[in-house]
Amino acid sequence: MNLRTVLWSRLTLGVLSVIFLLLYTAQYKKYRSNYAYLSDKCSKLMVHSGGLSAQLQLLMERNHRTEKLLTDLRAKYDQVMIGNNEKRKNVQVQWLTCKETLKKCLAGVAASEKQLNGTKDTNFQSHFLQCQTEVQEFKKQIEQLKGEAKNISIIKSECEKLLINSQVRLMEIFV
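According to my numbering, the stretch in the sequence shown is residues -1 to 173, in order.
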């Protein structure tokens, strides 16, 4: 090997070493800047993740309370509906009883009227007055039962409105 080739090979090796060193430092600076950027992003996200976790926990608690409230409202609604159904059945039974008694009383009046027309019995007048008082009492009971039936229907509609409102609130919370 001659001196010239050795010189050129060393010169080439030196230039390649300098180029490699320049490329290495450029890549290292880029790596450091990316690392600093990602480190900064990570710290910001860590700060925000605590807040998001608290918000998520708050939403979970609200959801739990809303579900519990909805369950309670449904239970109350069911109890009110059962009570209303029982009251309605009682009102219907009382209505039918009053109706049957009224029919019997009217039949007694008709029979007494026939008897009066036939024999002019004095007992008829007392029986007739008694039937009239019973009819008036039954009319009063019928009016009371109608009022109770109206109150039951109002309570039922209010319970349905409460259930619908609670379902709307639940949907608003989730939306």
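Note that beta-carbon positions come from the ideal geometry of N, C-alpha and C, so glycine has one too. As the structure is a computational prediction, the values presented were derived from the model and not from experiment.
Output the distance between the C-alpha atoms of residue i and residue j, rounded to the nearest integer angstrom.
i	j	result
residue 8	residue 1	11 Å
residue 132	residue 154	32 Å
residue 32	residue 48	25 Å
residue 27	residue 34	10 Å
residue 29	residue 12	25 Å
residue 87	residue 145	14 Å
residue 74	residue 152	16 Å
Please look up how many angstroms separate the CB atoms of residue i and residue j, rounded, as I've assumed it's under 8 Å.
i	j	result
residue 136	residue 107	The pair is not a contact, with the Cβ atoms about 13 Å apart (cut-off 8 Å).
residue 56	residue 168	Going by Cβ atoms, the distance from residue 56 to residue 168 rounds to 16 Å, so no, they are not a contact pair.
residue 64	residue 171	6 Å
residue 71	residue 160	6 Å
Looking at residue i: is its Cβ nearer than 7 Å to the Cβ of residue j?
i	j	result
residue 82	residue 162	no
residue 139	residue 103	no
residue 91	residue 157	no
Leaving aside the five residues before and after residue i along the sequence, list all residues of the same chain whose C-beta is less than 6 Å from its C-beta, in chain order.
i	result
residue 174	Because the chain here runs from -1 to 173, residue 174 falls outside it and cannot be looked at.
residue 109	none
Take residue i and list the residues in its own chain whose beta-carbon comes closer than 7 Å to its own, dropping the five residues that flank it on each side.
i	result
residue 100	133, 136
residue 76	none
Quick one: residues in its chain with C-beta nearer than 8 Å to the C-beta of residue i, no 5 flanking neighbours on either side, listed in chain order?
i	result
residue 93	140, 143
residue 46	none
Mind listing, in chain order, the continuous beta strand (DSSP E) runs of no fewer than 3 residues lying wholly within the region 23 to 62?
none
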